[in-house]
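The opening residue of the sequence shown carries number 2 in the numbering used here; numbering runs sequentially from there.
All C-beta atoms in this analysis are idealised placements derived from N, C-alpha and C, irrespective of residue type, glycine included.
Down below is the structure, laid out as structure tokens.
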Amino acid sequence: MVVDTVLSIVGLTAIIVGAFFDIVSAIGVLKLPNFFTRIHAVTIGAIGGSVLPLIGVALLSLALEDLGVHRFYLAGTSIAGAVLILILAPTGAHSLAKAAYIMCQAPRKPLLYDALENKVEGGLCQ
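This is the structure we're talking about:
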């Protein structure tokens, strides 16, 4: 009984923290100056705003004994989805940022130091 209460509290806390990450991500997309900083905010929203609530749902489903054996399926599916998002969201953000950099589609105005300037061949902007 105590374990169910703790799982419920931790699960609800994870869902609330995930909602906070979504709000921070939305504010970051609106307020940050260029594409590269905005994609960072989007990745924070994708990871914190979806992985944490999925973990919270998994914990909540484990706390609900009324679901029977199906609670393990729900928890496993939630954890599998969280792991996939945790792997794919940063990979996608990195691919988008590198493609925008190479194709010169995003302005780099607040950039102070460009470490990729000499490493990337081809589509560098002048």
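Check                                                                                                                                                      : Outcome
Which value, in whole angstroms, describes the spacing of the CA atoms of Gly-124 and Gly-50?                                                              : No answer about Gly-124 holds up, because its pLDDT of 48 lies below 50 and its placement is not dependable.
On the CB-based measure, 16 or more other CB atoms within 10 Å of its CB, does Thr-44 come out buried or exposed?                                          : buried
Out of Phe-73, Lys-99, Ala-47, Thr-14, point me to the one whose CA is closest to Ile-88's CA.                                                             : Ala-47
Return the CA-CA distance between Ile-28 and Thr-6, expressed in angstroms with no decimal places.                                                         : 33 angstroms
At a cut of 8 angstroms, does the stretch 53-68 reach the stretch 5-25 through at least three beta carbon pairs?                                           : yes
Quick check on DSSP: helix, strand or coil for Asp-67?                                                                                                     : helix
Assuming Leu-55 and Ser-79 form a contact by the criterion Cβ under 8 angstroms, report the distance between their Cβ atoms to the nearest whole angstrom. : 5 angstroms
Taking 8 angstroms as the cut-off, decide whether the C-beta atoms of Val-18 and Leu-75 are in contact.                                                    : no
DSSP on Gly-124, reduced to helix/strand/coil?                                                                                                             : Residue placement at Gly-124 is flagged as unreliable, the pLDDT there being 48, under the threshold of 50; a coordinate-derived value is accordingly withheld.
May I ask you to check if the CB of Gly-46 is nearer than 7 angstroms to at least one heavy atom of the ligand NAP?                                        : Absent from the structure shown: the ligand NAP. Ligands present: none.
What residue ranges within the stretch 46-95 form continuous beta strand (DSSP E) runs of no fewer than 3 residues, ordered along the chain?               : none
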